[in-house]
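Only one structure is covered here, and it is reproduced in the block below.
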Amino acid sequence: MRGKFIVFEGIDGCGKTTQIEEISKWIPTSGLLRGDSKLVKTREPGGSSLGKKLRNLILDNNKDNKPSSLAELLLYSADRAEHISKIISPALDKQDWVLSDRFCDSTLAYQGYGRNINIDIIKNIESIVCQGEYPDLTIFLEISAEESFLRRKNFIPDRMESEGIKFLEKVNEGFKLIAKEKNWTIISAAQDSSTISNEIKKTLYKNFSQEIND
Ligand code: TMP
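Read in order, the letters of the sequence shown correspond to residues -12 to 201 in the numbering used here.
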């Protein structure tokens, strides 16, 4: 029996990071973890040691370092390959639970729907990079692109966040299509933070509490 792999997806500013913080404090008290299982909180890009360096490169605002769309796709993919090999798979093998802020469907949404890279090319690369490691559950925190911009208006944007609203709308449409196709749990991130956390907790119980009793 392996651990559980839970991924949070959504456009920038949807509140994933806040929710992951909250939920990662709650899970150890929830009764969902078995025996010695621990919780591993991680993210993409930047979940591994090499990934932290890649994250700085990928999100660098310096125009001279702006990657081509293909290079960008491969940088996110390199980050993911390392993340899976060094962090995700070893944790799941130890029966730990992994909560990841983004995974491969961010690439489909941002590089596929956002940058218009052919979806089949992305899926081919994904099949090499993911090494069969896919989430047990993906939670999509849904907000509009307008709301995303409003929430971030006082922050200095990184390179990806500097893309305009049209780009983010395409990414969001992509996420909605993927969410439907893959039957994700969709939670409105326009609600207040504690309502969102409660919906996430209910979803985790619904999906995993049965196994505690097995
Ligand atoms: P974060 O702000 O959620 O940490 O993510 C960094 C940015 O990278 C965010 O704008 C989404 C983007 N991104 C992609 O474009 N493709 C990917 O595969 C991943 C994981 C993130």
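Note that the Cβ used here is the ideal one computed from N, Cα and C, for glycine as well.
Predicted, not measured: the structure shown is a model, and the values here were computed from it.
- Looking from the CA of residue 20, the closest CA among -9, 145, 160 belongs to -9.
- Along the region 0 to 60, the beta strand (DSSP E) occurs as fully enclosed runs of 3 or more residues at 26 to 30, listed in sequence order.
- By the criterion of a C-beta distance shorter than 6 Å, residue 123 is surrounded in its chain by -9, -8, once the five residues flanking it on both sides are discounted.
- For residue 134, the secondary structure class from DSSP, reduced to helix, strand or coil, is helix.
- Taken atom to atom, the span from the alpha-carbon of residue 15 to that of residue 196 is near 13 Å.
- Check the Cα spacing between residue 4 and each of 113, 18, 30: the tightest is with 30.
- Checking the 7 Å criterion, the Cβ of residue 97 is within range of a heavy atom belonging to ligand 1.
- Straight through space, the alpha carbons of residue 50 and residue 127 are spaced by roughly 31 Å.
- No heavy atom of ligand 1 is found nearer than 7 Å to the CB of residue 16.
- Counting only residues of its own chain and dropping the five nearest sequence neighbours on each side, residue 175 has a CB closer than 7 Å to the CB of 129.
- By the neighbour-count definition (other C-beta atoms within 10 Å, threshold 16), residue 80 is an exposed residue.
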